[in-house]
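Below: the structure, in structure tokens.
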Amino acid sequence: MIDLTRLHAHEMARLLRHGDVTARELTEAHLALAERQNRALNAWLTIDRDRALAEADAADARLAAARAEGARAVDALHPILGIPIALKDLVSVAGGKATAGSRILDGYRAPYDAHITERLRDAGAVILGKTNMDEFAMGSSTEHSAYGPTANPWALDRVPGGSSGGSAAAVAAFHAPVSIGTDTGGSIRQPAALCGIVGLKPTYGRVSRYGIVAFASSLDQIGPFARNARDAAALLHAVAGRDERDSTSAPVSVPDELLSLPAADDEAAGWLRGKRLGLPREYFVAGMEPQVEHRVRAAVAALEAAGARVDEVSLPHTDYGLATYYIVAPAEASANLARYDGIRYGPRLGNGTVLENYLATRGRGFGPEVKRRIMLGTYALSAGYYDAYYLKAQKVRTLIKQDFDRLWLEGFDALVAPTSPTVAFPFGAKMADPVSMYLSDACTLPVNMAGLPGISVPCGLADGLPVGLQFIGAAWSELELFHLSRAYEAITAGADWRGLEPADLARADDPGTPTPAERAGVLSAS
Amino acid sequence: MATLSRDDVAHVAHLARLGLTDEELARLEGQLNHILDQYAILAQLDTDAIPPTAQTIELENILRDDVVQPSFTPDEALANAPERDGDFIVVPPIIGDSEP
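Residue numbers (this note's numbering), protein chains in the order written: chain A, 1 to 526; chain B, 1 to 100.
Right, dumping it as structure tokens:
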């Protein structure tokens, strides 16, 4: 009897179509594993068994109806039909919780479905529940969740990355084959790297943000996690495309080829021949762990050996990315988070004038990192400082974007770089110094500043912890990034680290294993 | 670039409507100044002739037809309100300190 949780989504899809497995069986298997391991991992904030099983039964009914109708009807089904999925807890699902990892949304119930929730329902995906995250997606470790940190399945004393750490850990631990995250400065790619899975941040405007809790509106994008390129591409296909309710979602067609990436390794690898890749020298940042650099350079050598041409290139404004990002993102956040006032939803604290209620509701409802960013953003936008900070940052943002534009004009097909300067770090390691935490995203946040797509794929282990390789493309080039990622999978199919499961899954299975909050508490006390 | 005093931090907290404890104000004073120090690097760049980027995809004037569409019922819209009276959200007094 095969363990259904170990299958890839595209394998599940094939079995579902042949009637060899039901969506209910897949859902039961994933729910059981998630429920058993969530004490040790805290990847999930909500597991909605009843809703998931109802959706699974609906998927099975659609499959049966299509099979009765004939092969053409079966072929028309989306490959995500009947596939269990996890959503970051900032995606609205009508009637369900959406905490965004914050106390200030305690008890809030989403009155409507996000656009991507509607799209996933149309495609027939089975939503198992909602995953843990840094509060309002602000953080790189998931330690800034008001509901306790998430553990990394590879090492339970370490973070999964963030802010979409719960969605990454859930997929790495086989609780779901695919999940949804959001990426404002690296919040999909960095946790994908630290958990050893695939994560894509699409082009700004590719996926509608309607019904997603906003952080920084000119940077936020929604994207897929999976354990392989094909599954991530299929999930992007299911959720991408223009939506009238988000005027920044672009009227750009979504290629159906996302559903037909090559299955055969030799065909996939062939895509690399003659491709021109740039290796930005500035992305080997100060503080990068030598083993991470070693793994990334080995991956680059493998790409070259398979026929890609790799040239070292320069993105000269990379060093200005961190400062630029930490003005633009907090400024936008301070405006977006003004809505949490305790008037229309969420807990209302204080017992006096409306001003006293605002101060109490927001002062006690937000956690330390969110307060820090609101303070930074409010300051950067305040009278007398706007030109020096916000306007200046927007101008430097232009320079960062032009760095990339120049390379596309020179004919580069994509860039290849590290995703994160480090492997997964222990709980507490970067909590006392916000700037050290911010540096986790040095290699990812310029991509958000430029609005480009970027993907992280696993490229090996350093001391038993996953290392991520990042591909960055021109706007709307997600299909090319998936071809590249699939090709890299193909040329490393025989590598010794491929197929290794996260080392701490057995401990996650043990009901006596402490929770991540207990672990983090012990570590910070020592 | 500026340095923030404790009073500046308290002023920004008031602008942001964040009620912070003295301990939080003290911690933020140090942390915010440390972060502002990182911003100083931007002064190295001459950006006088560079246009600002507010968004990266060049979409303009995205309009839809002005057609009435179904929306929330009053019950749906009010379901999350902390305090409700009929079809209204109850709010504390907005002007002055006394009861209205």
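Where is the CB? At the ideal position from N, CA and C, for every residue including glycine.
Top-ranked residue by Cα proximity to residue i, from the options
{"i": "Thr-182(A)", "options": "Val-300(A), Val-254(A), Phe-215(A), Ala-173(A)", "result": "Phe-215(A)"}
{"i": "Asp-539(A)", "options": "Val-328(A), Tyr-389(A), Lys-275(A), Val-126(A)", "result": "This structure leaves residue 539(A) out entirely; chain A is present only between 1 and 526."}
{"i": "Ser-102(A)", "options": "Leu-120(A), Thr-142(A), Ala-302(A), Ala-125(A)", "result": "Thr-142(A)"}
{"i": "Lys-201(A)", "options": "Val-467(A), Cys-459(A), Leu-481(A)", "result": "Leu-481(A)"}
{"i": "Leu-18(B)", "options": "Asp-496(A), Arg-372(A), Ala-517(A)", "result": "Arg-372(A)"}
{"i": "Ala-58(A)", "options": "Ala-73(A), Ile-472(A), Leu-81(A)", "result": "Leu-81(A)"}
{"i": "Glu-55(A)", "options": "Ser-314(A), Leu-128(A), Tyr-325(A), Ala-173(A)", "result": "Leu-128(A)"}
{"i": "Leu-465(A)", "options": "Gln-291(A), Leu-258(A), Asn-42(A)", "result": "Gln-291(A)"}
{"i": "Val-300(A)", "options": "Tyr-379(A), Val-198(A), Cys-195(A), Leu-415(A)", "result": "Leu-415(A)"}
{"i": "Asp-387(A)", "options": "Leu-120(A), Glu-501(A), Val-328(A)", "result": "Val-328(A)"}
{"i": "Pro-84(A)", "options": "Ala-94(A), Gly-363(A), Leu-33(A), Pro-111(A)", "result": "Leu-33(A)"}
{"i": "Ala-286(A)", "options": "Thr-422(A), Gly-205(A), Tyr-379(A)", "result": "Thr-422(A)"}
{"i": "Phe-174(A)", "options": "Ala-302(A), Ile-197(A), Gly-161(A)", "result": "Ile-197(A)"}
{"i": "Leu-194(A)", "options": "Gly-468(A), Asp-319(A), Leu-120(A), Glu-118(A)", "result": "Gly-468(A)"}
{"i": "Leu-484(A)", "options": "Glu-267(A), Arg-507(A), Gly-494(A)", "result": "Glu-267(A)"}
{"i": "Ala-264(A)", "options": "Glu-489(A), Arg-62(A), His-115(A)", "result": "Glu-489(A)"}
{"i": "Leu-77(A)", "options": "Ser-382(A), Asp-60(A), Glu-289(A), Leu-4(A)", "result": "Asp-60(A)"}
{"i": "Glu-69(A)", "options": "Asp-50(A), Ala-335(A), Ser-456(A), Arg-17(A)", "result": "Arg-17(A)"}
{"i": "Glu-135(A)", "options": "Glu-369(A), Ala-393(A), Ala-493(A), Asp-433(A)", "result": "Glu-369(A)"}
{"i": "Ile-50(B)", "options": "Gly-367(A), Leu-156(A), Leu-391(A)", "result": "Leu-391(A)"}
{"i": "Pro-255(A)", "options": "Arg-206(A), Leu-219(A), Gly-278(A), Ser-247(A)", "result": "Arg-206(A)"}
{"i": "Leu-407(A)", "options": "Ala-474(A), Ser-382(A), Pro-262(A)", "result": "Ala-474(A)"}
{"i": "Ala-146(A)", "options": "Leu-277(A), Ala-305(A), Leu-105(A)", "result": "Leu-105(A)"}
Three-state secondary structure (DSSP) of residue i
{"i": "Gln-69(B)", "result": "coil"}
{"i": "Gly-186(A)", "result": "coil"}
{"i": "Lys-392(A)", "result": "helix"}
{"i": "Phe-404(A)", "result": "helix"}
{"i": "Lys-430(A)", "result": "coil"}
{"i": "Glu-312(A)", "result": "strand"}
{"i": "Asn-448(A)", "result": "helix"}
{"i": "Asp-3(A)", "result": "coil"}
{"i": "Ile-127(A)", "result": "strand"}
{"i": "Phe-546(A)", "result": "Residue 546(A) cannot be examined here, being either before or after the span of chain A that is shown, 1 to 526."}
{"i": "Asn-152(A)", "result": "strand"}
{"i": "Thr-21(B)", "result": "coil"}
{"i": "Asp-48(A)", "result": "coil"}
{"i": "Arg-348(A)", "result": "coil"}
{"i": "Ser-92(A)", "result": "coil"}
{"i": "Arg-101(B)", "result": "Within the shown structure, residues of chain B are numbered from 1 to 100, placing residue 101(B) beyond reach of any answer."}
{"i": "Pro-290(A)", "result": "helix"}
{"i": "Ile-472(A)", "result": "strand"}
{"i": "Gly-270(A)", "result": "helix"}
{"i": "Asp-122(A)", "result": "helix"}
{"i": "Gly-161(A)", "result": "coil"}
{"i": "Glu-99(B)", "result": "With a pLDDT of 45 at Glu-99(B), under the threshold of 50, the modelled position of that residue is not reliable, and the figure given next carries that caveat. Of the three classes helix, strand and coil, the one that applies to Glu-99(B) here is coil, per DSSP."}
{"i": "Gly-512(A)", "result": "coil"}
Under 9 Å between C-beta atoms of residue i and residue j
{"i": "Gln-221(A)", "j": "Arg-230(A)", "result": "no"}
{"i": "Gly-107(A)", "j": "Pro-347(A)", "result": "yes"}
{"i": "Gly-166(A)", "j": "Met-133(A)", "result": "yes"}
{"i": "Gly-365(A)", "j": "Leu-349(A)", "result": "yes"}
{"i": "Pro-453(A)", "j": "Ser-477(A)", "result": "yes"}
{"i": "Gln-470(A)", "j": "Ala-417(A)", "result": "yes"}
{"i": "Ala-110(A)", "j": "Ala-123(A)", "result": "no"}
{"i": "Thr-318(A)", "j": "Asp-441(A)", "result": "no"}
{"i": "Ala-238(A)", "j": "Ala-487(A)", "result": "no"}
{"i": "Ala-151(A)", "j": "Ala-169(A)", "result": "yes"}
First and last residue of the uninterrupted alpha helix (DSSP H) at residue i
{"i": "Pro-330(A)", "result": "321 to 336"}
{"i": "Thr-361(A)", "result": "354 to 365"}
{"i": "Gly-199(A)", "result": "No alpha helix (DSSP H) holds Gly-199(A); the beta strand (DSSP E) holding it covers 198 to 201."}
{"i": "Gly-165(A)", "result": "165 to 172"}
{"i": "Val-9(B)", "result": "6 to 15"}
{"i": "Ile-32(A)", "result": "The sequence as given places Ala at residue 32(A); Ile does not occur at that position. First-last of the alpha helix (DSSP H) with Ala-32(A): 23 to 41."}
{"i": "Leu-505(A)", "result": "505 to 509"}
{"i": "Asp-231(A)", "result": "229 to 239"}
{"i": "His-144(A)", "result": "Counting along the chain, His-144(A) falls outside any alpha helix (DSSP H), and DSSP gives it neither H nor E."}
Limits of the beta strand (DSSP E) - the one that residue i falls within
{"i": "Gln-221(A)", "result": "221 to 226"}
{"i": "Ile-104(A)", "result": "Premise fails: Ile-104(A) is in no beta strand (DSSP E) and is neither H nor E."}
{"i": "Ser-485(A)", "result": "Segment 478 to 491 is the alpha helix (DSSP H) holding Ser-485(A); no beta strand (DSSP E) there."}
{"i": "Arg-276(A)", "result": "276 to 280"}
{"i": "Ile-374(A)", "result": "Looking at the DSSP string, Ile-374(A) is not in any beta strand (DSSP E); the run it does join, the alpha helix (DSSP H), is 368 to 381."}
{"i": "Gly-460(A)", "result": "454 to 462"}
{"i": "Ala-73(A)", "result": "No beta strand (DSSP E) holds Ala-73(A); the alpha helix (DSSP H) holding it covers 71 to 75."}
{"i": "Pro-418(A)", "result": "414 to 418"}
Closer than 8 Å: residue i CB and nearest the ligand NAP heavy atom
{"i": "Asp-57(A)", "result": "Judged by which ligands are present, the structure shown has none, so any question about the ligand NAP falls away."}
For residue j and residue i, believed in contact at Cβ under 8 Å, the rounded distance
{"i": "Gly-211(A)", "j": "Val-91(A)", "result": "7 Å"}
{"i": "Glu-257(A)", "j": "Leu-45(A)", "result": "Contact flag wrong, Cβ pair sits at about 35 Å."}
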